[in-house]
Each structure stands twice: as C-alpha cells, then as structure tokens.
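K.L.:
2 protein chains.
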Amino acid sequence: MRYPPGHKEEKRKELLAISGAAIKQGGFVATGIDTLMQAAGVTSGAFYSHFASKNELLKAVIAQELLHSRKGWQKNPHTDATQWLDFELERYLNLSHVRHPESGCVLPSLGAEIGRADDEVKTLFEQEMHKGVEMLAQRLGSEETAWAFICQLVGAVLMARAMPDKVSQATVIEASKVFLRDAFKRN
Amino acid sequence: MRYPPGHKEEKRKELLAISGAAIKQGGFVATGIDTLMQAAGVTSGAFYSHFASKNELLKAVIAQELLHSRKGWQKNPHTDATQWLDFELERYLNLSHVRHPESGCVLPSLGAEIGRADDEVKTLFEQEMHKGVEMLAQRLGSEETAWAFICQLVGAVLMARAMPDKVSQATVIEASKVFLRDAFKRN
DNA sequence: GTCTATACGCGGATAGAC
DNA sequence: GTCTATCCGCGTATAGAC
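Line by line, the protein sequences are chains F and H. Be aware that the first sequence starts at 0, since it is given in numbering that gives the first Met the number 0, and climbs by one per residue. Be aware that the second sequence starts at 0, since it is given in numbering that gives the first Met the number 0, and climbs by one per residue.
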C-alpha cells in the first residue's frame, strides 16, 4: 500500500486538531468545510474520507476538546487547596485565553452552538462533561461545586471575549477571579 | 399618506422584537434574513426598508435586549438584600429560561457571536452592559461583584442549555444557585 | 413600504478520475 | 486517500414594479 499503517488514524487526528481550532475561533455554523480543509492543506473532498458529515465532526471535536481539558487539569502540580485553585484561576482566567479561542477551552466558544445541536451531540457532551466534573469534584468537594466553578469560568471568558478592548476584558476576568478566590477561601 | 404617522417606527420595533427572538433561538449567523422576515409575516425585501444590513440588525437587537434586561431588574420589588437576590436567582436560573432562549437573556444565546463580531458591535455591547453593571453594583456592592454575578448566571444557563435532558439541566442551574446564595450569604 | 425577481457567492454533500 | 467537478439549496443584498 502507498500509505504506512496507521496513516489514516493520524491524518484524522490532524484534521481534528486543525478543525477544532478553526471552529473554536470562527464558530461551527459559520465555518465551512472548505475553510477547515484549506487550513489543513487538503481539499473539501478529502473531508468525507474521515468524517461522515459535519455533525460527526462536531461530535469528534467536542470529545477531543473536553479530553484535552481534562488532561490540562491533571497537569496542576499543587496539592494544597489554595495553591491548586490559584493555579487553575491563572491558567483559565487570563487575557491570552480570552484573545485566543482557537487554542482555548471549547465551552465559551461552542457552548451556545452545542445547545442548538441535536440530542446526539448533547448526550455526548453531557457524558464527557461528567467525567470532568467528577475529577473536579475530588478537588472542590462536590460535583455541585464543580459545576458552579465551571460556570463561573466559562461565563467570564464568554463575557470578556464580547468586550472590545483589553482593559474591559481584564475587568471581567479579574472580577470572577477575585470572586472565586473569595468564595473558596472561607471553607 | 397611506400609513399613519409613526408607522415605520412601530414596524421597526415589531421586526426587532421578532428578529431578536428568532436570533436568540437559532443563532445570528445560522438564521437568515428570509427566515426572520417570514416570522414577521413580510418578505426579505422589506427588511432593508428598516435596517441597512444584517450587522445593523445585530446592533439593534443587542441594544434592545440589554435594555429589556435592565428593565427586568428594575421590577424586582424587594429591598432586603437576601430577598432581592433570591428573586433574581429564581428569575434567571430556572428551567423555563433554559428551555426558552427566544424569550430569555441575550447573553448566553449570543455571547460567543458578539465575541466574533466587529468592533462596532462590541463597543455598543460594552456600553450597554456597563449601564446594567452600574445598576447591579448598587445592589451587590461593587461593579466587580456585579460582573462576577453576571458571569455565573450566564455561564450556568449556557452550560444547562448544552445538556440533553431536564435532570442534567436542573443539576447545572441549581448548582450555581446554591453557590451564589452561599457566596452572598456571608457578607 | 412591501412586493417579486434576481445577482452572486458560499454552504454541505456526492461522483468519478487518478 | 485525495483530487476536481458538480448538484442543489440557502445566504446577503439590490433593482424595479406596485
């Protein structure tokens, strides 16, 4: 055969990573398959060798992105609760994250579009989210607290990205940072 | 003249309200002008008698929706801080709001798309948001706290809408409700 | 002010050559 | 597996009749 074994799986992974970044940046509906494949250096016809439809791509992107987010949390080196929290707050609530959705968390970028997607997408999303919430709950005490923590972070980046300049963006994310630090300090 | 004075202004208001609902439900990019005007009972050609472009419509929708949100806060009858908070939490964090974006807050629905819009849109958004934050700050003590409050609410509804069933939706919004109640209780 | 008709581009998806 | 070519529908926006 002309391609080494495992080539297809690797190519799919590559397309997935590039598509994920482009979709987080431009939005799922707004970004066409032509654009996605151009970013990957192939033509739109090649897309369907790897994904059955654009909706299948969305599911694959969600699974990949949320897996990546969970891996990110596992890299937090701190055992002390306060230090662990500060590390996560700095990592998520910073201007670079606000200004670079293509390499950031999928939730502020695609949350609303997942909400408008079909049940297959939402069910997959729920399953992947729950894995993350279970992980966070071990640090934050309960799944309930983990959900509230996530909602605060996601809402802050979502709102900050809608702001026109760095100053107002910083105001929004710093507010949530202070609020969360304060809420978890008194336990 | 064939139409009474003020007819155009009224018609524009009507188109704006109907378009706002449809866009919050389906997304700004994903909803075409044909669809919007069909919902209003006119054809797409009529749209341009009232708005210069789809982007101008987005700005008008944002201004209208955020004005409506501020009016909603003003209807809160409570003076006691705890009662005021409970009233707002119940009003925003409930399943009906999660399941009816067309009549709900514009922020979870269009936040990400505003983030991808041009500077004109974002600047308008910032100005309108600041009016609301100033109002909330009088209740919550500071603009910083107001921002954090908004981010938690918006993130909760955004995440809940991405969930596939009522149970998981309720889990998300209840978590934020408890979290916020707890955070403001200890002041 | 609203209608119909239309220009023109881009959307998702498929067929067949290589 | 990827390419080119193509189908068909929908997107924004405009022109001109009524």
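Beta carbons: idealized from backbone N, C-alpha and C, even for Gly.
Alpha carbon to alpha carbon, how far is V60/F from S18/F? Give it in angstroms, no decimals.
P.N.:
Using only the alpha carbons, I get a separation of about 8 Å.
K.L.:
Of the choices L88/F, V105/F, L35/F, whose alpha-carbon is the least far from that of F124/F?
P.N.:
It is V105/F whose Cα lies nearest to the Cα of F124/F.
K.L.:
When DSSP labels each residue in this structure, what does E13/H get in the three-state scheme?
P.N.:
If DSSP states are grouped into helix, strand and coil, E13/H belongs with the helices.
K.L.:
At a cut of 8 Å, does the segment 68-83 of chain F reach the segment 127-134 of chain F through at least three beta carbon pairs?
P.N.:
With a cut-off of 8 Å, the segment 127-134 of chain F and the segment 68-83 of chain F count as touching, because enough Cβ pairs lie within range.
K.L.:
Any residues in the segment 149-167 of chain H with a beta carbon nearer than 9 Å to a beta carbon of chain F? Which ones, in chain order?
P.N.:
Here the close residues are I149, C150, Q151, L152, V153, G154, A155, V156, L157, M158, A159, R160, A161, M162, P163, D164, S167.
K.L.:
Could you run through the segment 92-113 of chain H and flag, in chain order, every residue whose CB is less than 8 Å away from some CB of chain F?
P.N.:
Here the close residues are P100, L106, P107, S108, L109, G110, A111, E112, I113.
K.L.:
Please report how far the alpha carbon of H67/F lies from the alpha carbon of M128/H, in whole angstroms.
P.N.:
Cα-Cα distance, rounded: 33 Å.
K.L.:
Would you kindly work out how many angstroms separate the C-alpha atoms of K184/F and Y47/H, rounded to a whole number?
P.N.:
Approximately 54 Å, taken between the alpha carbons.
K.L.:
Please state whether the Cβ-Cβ distance between A143/F and V97/H is less than 8 Å.
P.N.:
According to the sequence provided, residue 143/F is Glu. The question's Ala does not apply to it. Contact: no.
K.L.:
For the segment 88-119 of chain H, list the alpha helix (DSSP H) runs that are entirely contained and at least 4 residues long, ordered along the chain.
P.N.:
List check, alpha helix (DSSP H) in window: 94-98, 105-114.
K.L.:
Just reading off the alpha helix (DSSP H) that K74/H is part of, what are its end residues?
P.N.:
Note, K74/H: premise wrong, no alpha helix (DSSP H); not H, not E.
K.L.:
Along the chain, where does the alpha helix (DSSP H) containing A169/F start, and where does it finish?
P.N.:
First-last of the alpha helix (DSSP H) with A169/F: 165-184.
K.L.:
Would you say T204/F and A21/F are within 8 Å of each other, going by their C-beta atoms?
P.N.:
Absent from the structure is residue 204/F, since the part of chain F shown begins at 0 and ends at 186.
K.L.:
Mapping the DSSP letters down to three states, classify S244/F as helix, strand or coil.
P.N.:
Since the first and last residues shown for chain F are 0 and 186, residue 244/F lies out of range.
K.L.:
Excluding the 5 residues preceding and the 5 following K12/F in the sequence, name in chain order all residues of the same chain whose CB lies nearer than 7 Å to its CB.
P.N.:
Within the same chain, K12/F has no close Cβ partners at all.
K.L.:
Against chain H, does V177/F count as a neighbour if the rule is that its beta carbon must be under 8 Å from one of theirs?
P.N.:
It does: the Cβ of V177/F has a partner Cβ on chain H nearer than 8 Å.
K.L.:
Could you check which residue in F86/H, M162/H, S95/H, G103/H has the C-alpha nearest to that of Q63/H?
P.N.:
With distances taken between Cα atoms, Q63/H lies closest to G103/H.
K.L.:
Please report how far the alpha carbon of S141/F lies from the alpha carbon of K10/H, in whole angstroms.
P.N.:
If you take the alpha carbons of S141/F and K10/H, they lie about 51 Å apart.
K.L.:
Under 9 Å Cβ-Cβ, which residues of chain H neighbour L25/F?
P.N.:
The question names Leu, but residue 25/F in the sequence shown is Gly. Under the 9 Å cutoff, chain H gives R115.
K.L.:
Roughly how many angstroms lie between the CA atoms of S108/F and Q126/F, to the nearest whole one?
P.N.:
Between S108/F and Q126/F, the C-alpha separation is close to 19 Å.
K.L.:
So, for V171/H: in the same chain, excluding its five sequence neighbours on each side, which residues have a beta-carbon less than 7 Å away from its beta-carbon?
P.N.:
If we look at V171/H and ignore the five residues flanking it on each side, its Cβ neighbours are A155, M158, A159, M162.
K.L.:
Note down, in chain order, every chain H residue with its Cβ under 8 Å from the Cβ of R69/F.
P.N.:
What R69/F touches in chain H: nothing, since even the nearest Cβ is about 16 Å away.
K.L.:
For the alpha helix (DSSP H) containing G26/H, list its first residue and its last residue.
P.N.:
Segment: none, G26/H is in no alpha helix (DSSP H) and carries neither H nor E.
K.L.:
Could you tell me whether the Cβ of E143/F comes closer than 8 Å to any Cβ of chain H?
P.N.:
By this cut-off, E143/F is an interface position.
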